[in-house]
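What follows is one structure encoded as structure tokens, with my remarks underneath.
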Amino acid sequence: MSTAGEQDADLSLQEEHESKTHRTKRRDGERQKKKRRNERRKGGTRPETSEEDDDEEEDSDKDVVRPECLSPEELEKLKEAVDERKKLIQSLRGKPWPMKKKLVTLRESQEFVEKYEGALGKGKGRKLYAYKVLMTKKWMKFQRDFENFKTACIPWEMKIKEIESHFGSSVASYFIFLRWMYGINMILFGLTFGLVMVPEALMGRPYGSMPRKTVPRAEEASAMDFAVLWDFGGYAQYSVLFYGYYNNQRTVGWLKFRMPLSYFLVGVGTVAYSYMVVIRTMARNANESGVGDDNSFNFSWKMFTSWDYLIGNAETADNKFASITTSFKEAILEEQESHKDDNIHLTRFLRVLANFLVLCCLAGSGYLIYFVVRRSQKFALDGLENHTWWERNEVNMVMSLLGMFCPMLFDVISTLENYHPRVALQWQLGRIFALFLGNLYTFIIALMDEINLKRKEEKVVKFNITMWEASLYNGTVSENSTAPPVTIHPADVPRGPCWETMVGQEFVKLIVSDMQVTFLTILIGDFGRAIIVRFLNYCWCWDLEAGIPSYAEFDISGNVLGLIFNQGMIWMGAFYAPGLVGLNVLRLLTSMYFQCWAVMACNVPHERVFKASRSNNFYMGLLLLVLFLSLLPPDCNLIHLQWHSKRLILCNRLAIYYLNTVSKGYQQANLDLKKKMKMVSMNFS
Amino acid sequence: MGTTASQLSKESLSEYQELTFLTKQEILLAHKRFTELLEKHEKQQIDARAPMGRITTLPELKSNPFKERICQVFSTSEQKDGSLTFEDFLDLLSAFSDSATLEIKSHYAFRIFDFDDDGTLDCADLEKLVNCLTGETNDAKLSSTEMKQLISNILEESDIDKDGTVNLSEFQHVISRSPDFVSSFKIVL
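Sequences listed follow chains A and B, in order. Each residue of the first sequence is one higher than the one before, starting from 1 at the first, in the UniProt record's numbering. Each residue of the second sequence is one higher than the one before, starting from 1 at the first, in the UniProt record's numbering.
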């Protein structure tokens with residue numbers, strides 16, 4: 001009799017096994033199966049074994065997925081199992097298995113998830129659950145496609161890859177930084193263009209309808225001259241490019257677009273977006289690149305991480321081999337020498353001397369700028385037409401030239417100091433930073449005087465205008481009232497200078513001259529040098545290519561700093577000249593193509609390649625500092641307490657976000673240390 | 001199952017996207033470059049293998065001193081000859097891609113540096129590694145005293161349990177603190 005019971009049990013188990021491979025969707029079908037089984041049991045066996053059979057049935061029931069007969073705990077367990085499988089699928093790419101094993105695991109897990117997921121929803125909630133699952137799948141597919149699309153959209157990928165394979169990742173990092181800057185500027189330009197310039201151009205009062213929007217009668221004759229336009233005077237001055245064009249009417253056009261509010265908000269938005277983007281990148285870098293200044297793995301890192309796998313060029317590879325060998329030999333030597341220390345006093349004296357010389361340079365350049373700005377004010381009072389081109393553009397030229405020559409001077413001075421190259425680079429960057437900062441602030445202070453002068457002028461002119469208008473009015477009223485009031489063409493109305501436009505103009509001129517100097521430097525410094533070395537080599541006594549002067553190396557730090565300070569000036573001037581951001585976008589675009597060509601045509605890979613990759617966050621930190629400092633002057637001008645406190649709140653939030661991410665990095669470091677200690681203690685026990 | 005002829009099936013493509021760090025375009029480009037390496041008669045085979053000699057002619061690998069080791073680590077052939085199928089090739093590109101995690105990169109880096117495949121980096125492995133890095137010419141090689149000094153310095157830094165070799169966890173610990181590793185351990189087609 002037991003055999004019959006066992007047979008029944010076998011049958012029922014078989015049925016259950018079959019039902020497991022089908023999706024258990026139809027409740028009716030399941031109920032029928034259950035009924036059939038019960039009948040069979042009732043029909044066939046002795047009553048004593050029915051309890052055992054019932055137990056068996058219960059046991060085998062647990063294996064079958066029938067949602068409505070599973071207890072909540074079992075449902076939970078099943079759900080957990082499904083979630084675990086899903087996590088496994090997600091983590092498969094990070095497992096160091098061969099593809100075949102990954103494929104097998106993937107297919108198994110996907111089958112499991114599909115089978116049980118559909119069955120998990122219970123009763124009424126089932127359709128919703130299935131719907132949710134479907135939506136999640138679609139969402140993940142959409143995300144993946146979007147990622148693919150985003151990667152395909154990134155411009156200049158092939159160019160940068162070529163540079164990477166020829167010059168290694170450190171030179172390429174400059175171009176990646178340039179591309180990132182371009183992206184930010186495009187977004188800022190979009191904001192400014194879309195929300196400020198276009199509404200004003202389309203819906204604001206057109207050119208010629210108001211005094212501030214019209215070229216004064218006196219200047220009309222020369223307003224279209226190229227020379228005047230190049231200086232951003234004439235028609236360029238009275239356009240959407242500059243602050244002065246914007247009316248203070250509360251709403252413009254049929255949309256009732258609130259122009260002044262929009263202008264202000266775009267300014268705020270520019271600041272907020274810039275802060276957010278810079279801090280987010282810094283936080284990401286800090287997380288990725290590990291924590292702290294670690295010198296404890298010097299040799300190991302040289303051994304395991306010095307080869308750059310992106311190199312695809314034989315000449316670059318040879319260079320890399322040579323530099324690795326040199327760095328090994330130097331490191332060994334340094335380690336031996338660090339045990340002896342001779343002549344500290346001489347080294348210290350030389351270093352103090354070098355710093356003193358650098359301070360003298362900085363002071364000299366600051367004074368030079370102040371002097372030149374004062375002189376240009378005098379020229380302006382005399383009337384600009386009486387002076388030569390140099391005298392008119394003296395300030396911009398002097399600032400750009402100082403920015404070009406002083407770093408070279410610092411480089412020469414630093415040979416006195418005899419530091420390790422990485423330390424020397426940091427000193428160099430710090431000094432260049434101080435130079436730029438000093439120059440910029442001297443420039444602004446000098447500008448301040450001019451601004452104050454212009455404001456006084458403005459007051460006087462305003463007073464004169466009211467007097468003049470009053471006289472006009474009085475004149476018409478004294479005659480018969482039937483005569484129509486006199487209308488005056490806006491070009492004839494006397495008006496004072498707009499100091500904001502003037503400031504905007506100064507910034508635009510500065511940026512343009514900076515751009516010119518950079519391009520000329522590359523053309524003459526790199527390209528000219530390459531041509532001379534290549535062609536003079538045929539008729540020169542020593543090998544120009546191997547010895548001095550040879551081809552130039554790409555100056556990463558100089559270029560990165562130039563980019564950072566350029567961006568600082570944009571931030572500073574963008575409030576006064578909305579067109580400035582557009583100009584910068586153009587500048588970055590031409591810079592990208594021009595420098596890509598120049599580096600491939602005229603530069604050679606570095607001989608000494610030490611990776612300045614930790615300086616990624618150093619450059620970002622510099623950018624943040626420049627952002628903060630460059631937005632101080634316009635903020636001082638806005639002088640709204642509310643505005644200040646909002647900015648403080650924003651600052652706090654961003655600081656918290658950054659500190660949070662850095663603390664996560666430190667936590668990770670702590671875990672690593674604990675692991676290390678555990679390993680050590682395990683080995684000793 | 002596997003890849004055949006000159007077309008990747010949609011299903012395979014989505015599976016590969018799930019299992020590697022590569023985007024769809026990268027997988028398609030890899031397929032194109034891989035089939036260029038195959039002979040005409042091999043192109044129609046399922047799971048065709050490209051021999052190591054041909055793979056190391058790829059411009060991305062040509063100048064790499066570890067190209068043979070890379071092929072051998074990612075190869076699944078029974079003869080251990082370093083030949084790669086398309087799926088092995090995808091594994092290679094995935095481990096070297098921009099979005100790969102530190103763990104997987106350090107795992108494969110360890111296997112690449114383990115010249116004798118014994119699971120640890122001992123003195124012989126380290127010596128071969130240094131010679132790979134300094135190039136082929138004789139005058140570039142380090143002298144034997146320099147070599148001894150270098151290897152003892154490295155073991156002092158990385159060998160925590162002091163057994164004379166660097167194992168995987170010690171290696172990963174060293175690598176994880178390095179700021180340069182992730183950005184330099186990259187190959188992009």
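Ideal Cβ positions, reconstructed from N, Cα and C, are used throughout, including at glycine. Everything numeric in this text was worked out from a predicted model, so none of it was measured.
Classification of residue i by the beta-carbon crowding that lies within 10 angstroms, buried from 16 upward
{"i": "cysteine 361/A", "result": "buried"}
{"i": "asparagine 464/A", "result": "exposed"}
{"i": "aspartate 59/A", "result": "Caution applies to aspartate 59/A, whose pLDDT of 42 falls short of 50 and renders its modelled position unreliable; the value that the coordinates give is listed next. Label assigned to aspartate 59/A: exposed."}
{"i": "threonine 45/A", "result": "Low confidence applies here, because threonine 45/A scores a pLDDT of 42, under 50, leaving its location unreliable; read the following figure in that light. So threonine 45/A counts as buried."}
{"i": "serine 9/B", "result": "exposed"}
{"i": "glutamine 7/B", "result": "exposed"}
{"i": "tyrosine 367/A", "result": "exposed"}
{"i": "proline 605/A", "result": "buried"}
{"i": "asparagine 343/A", "result": "exposed"}
{"i": "aspartate 526/A", "result": "buried"}
{"i": "alanine 363/A", "result": "exposed"}
{"i": "glutamate 315/A", "result": "exposed"}
{"i": "methionine 677/A", "result": "exposed"}
{"i": "lysine 105/B", "result": "buried"}
{"i": "glutamate 48/A", "result": "With a pLDDT of only 42 at glutamate 48/A, under 50, the local geometry of the prediction cannot be trusted, and the value read off the model is given with reservation. Glutamate 48/A comes out exposed."}
{"i": "tryptophan 180/A", "result": "exposed"}
{"i": "lysine 35/A", "result": "Because the pLDDT at lysine 35/A is just 47, under 50, the model does not fix this residue reliably, and the value given afterwards should be weighed accordingly. Its Cβ having fewer than 16 others within 10 Å, lysine 35/A is exposed."}
{"i": "arginine 41/A", "result": "Residue placement at arginine 41/A cannot be trusted, given a pLDDT of 46 that sits under 50; the coordinates are not used to answer."}
{"i": "arginine 284/A", "result": "exposed"}
{"i": "histidine 173/B", "result": "buried"}
Nearest neighbour of residue i, chosen from the options [CA to CA]
{"i": "leucine 188/A", "options": "Trp571/A, Tyr441/A, Leu623/A and Val604/A", "result": "Trp571/A"}
{"i": "isoleucine 154/B", "options": "Thr316/A, Val104/A, Phe304/A and Glu84/A", "result": "Phe304/A"}
{"i": "glutamine 377/A", "options": "Asn452/A, Glu334/A, Asn319/A and Asn343/A", "result": "Asn452/A"}
{"i": "leucine 93/B", "options": "Pro155/A, Met397/A and Tyr309/A", "result": "Tyr309/A"}
{"i": "methionine 147/B", "options": "Glu76/A, Thr151/A, Leu265/A and Phe299/A", "result": "Phe299/A"}
{"i": "serine 557/A", "options": "Leu128/A, Phe175/A, Lys138/A and Leu510/A", "result": "Phe175/A"}
{"i": "methionine 569/A", "options": "Met399/A, Leu536/A and Lys79/A", "result": "Met399/A"}
{"i": "proline 60/B", "options": "Ser165/A, Lys87/A, Ala601/A and Phe575/A", "result": "In the sequence as displayed, the identity of residue 60/B is glutamate instead of proline. The candidate whose alpha carbon is nearest that of glutamate 60/B is Ser165/A."}
{"i": "aspartate 47/B", "options": "Leu58/B, Glu18/B, Phe89/B and Gln79/B", "result": "Phe89/B"}
{"i": "alanine 109/B", "options": "Ala50/B, Glu42/B and Ile187/B", "result": "Ile187/B"}
{"i": "serine 144/B", "options": "Ser158/B, Cys123/B, Asp163/B and Gly119/B", "result": "Cys123/B"}
{"i": "isoleucine 369/A", "options": "Ile413/A, Val395/A and Leu359/A", "result": "Val395/A"}
{"i": "alanine 152/A", "options": "Ser14/B, Gln45/B, Leu29/B and Asp159/B", "result": "Leu29/B"}
{"i": "cysteine 71/B", "options": "Asp125/B, Lys32/B and Ile112/B", "result": "Ile112/B"}
{"i": "leucine 142/B", "options": "Thr326/A, Met404/A and Leu622/A", "result": "Thr326/A"}
{"i": "phenylalanine 405/A", "options": "Asn418/A, Leu435/A and Leu381/A", "result": "Leu435/A"}
Residue i - containing alpha helix (DSSP H), residue span
{"i": "aspartate 125/B", "result": "123-133"}
{"i": "tyrosine 538/A", "result": "Unbroken run through tyrosine 538/A: none, as it is neither H nor E."}
{"i": "glycine 164/B", "result": "Where glycine 164/B is concerned, there is no enclosing alpha helix (DSSP H), given that its DSSP letter is neither H nor E."}
{"i": "valine 171/A", "result": "169-192"}
{"i": "arginine 375/A", "result": "344-382"}
{"i": "histidine 107/B", "result": "102-113"}
{"i": "glutamine 172/B", "result": "168-176"}
{"i": "leucine 75/A", "result": "72-91"}
{"i": "glutamate 315/A", "result": "314-337"}
{"i": "tryptophan 390/A", "result": "389-392"}
{"i": "alanine 577/A", "result": "No alpha helix (DSSP H) holds alanine 577/A; DSSP gives it neither H nor E."}
Per DSSP, the bridge partner or partners of residue i
{"i": "alanine 201/A", "result": "According to DSSP, which records beta bridges pairwise, alanine 201/A is partnered with nothing at all."}
{"i": "leucine 437/A", "result": "In DSSP, leucine 437/A forms no bridge with anything."}
{"i": "alanine 152/A", "result": "Answer is none; alanine 152/A lacks a bridge partner."}
{"i": "glutamate 553/A", "result": "Val604/A"}
{"i": "leucine 84/B", "result": "Ala50/B"}
Proximity test, residue i beta-carbon vs the ligand FMN heavy atom, cut-off 8 Å
{"i": "leucine 362/A", "result": "Inclusion of the ligand FMN in the displayed structure is not the case, the ligand content being empty and no account of it being possible."}
Are the region 86-104 of chain A and the region 77-95 of chain B touching by the rule of at least three beta carbon pairs closer than 8 Å?
-> As far as the Cβ criterion goes, the region 86-104 of chain A touches the region 77-95 of chain B, which means the pair count is three or higher.
Tell me, please, whether the region 130-138 of chain A touches the region 268-281 of chain A by the rule of three or more beta-carbon pairs shorter than 8 Å.
-> Taking a cut-off of 8 Å for Cβ pairs, the region 130-138 of chain A and the region 268-281 of chain A do not touch, as fewer than three such pairs fall below it.
Assess, as a yes-or-no matter, whether the region 573-585 of chain A is touched by the region 507-520 of chain A under the definition of 3 or more beta carbon pairs within less than 8 Å.
-> Using a C-beta cut-off of 8 Å, the region 507-520 of chain A makes contact with the region 573-585 of chain A, since at least three inter-stretch Cβ pairs fall below that distance.
Do the region 328-336 of chain A and the region 188-203 of chain A meet, that is, are 3 or more Cβ pairs less than 8 Å apart?
-> Segments in contact, no.
Is the number of C-beta pairs between the region 156-171 of chain B and the region 71-85 of chain B that are closer than 8 Å three or more?
-> Segments in contact, no.
Is it true that the region 585-601 of chain A meets the region 513-527 of chain A, where meeting means three or more beta-carbon pairs spaced less than 8 Å apart?
-> Contact holds: three or more Cβ-Cβ distances are below 8 Å.
Evaluate the contact criterion for the region 412-423 of chain A versus the region 541-551 of chain A: three or more CB pairs, one atom per stretch, below 8 Å.
-> Between the region 412-423 of chain A and the region 541-551 of chain A, the count of C-beta pairs closer than 8 Å stays below three; the two stretches do not touch.
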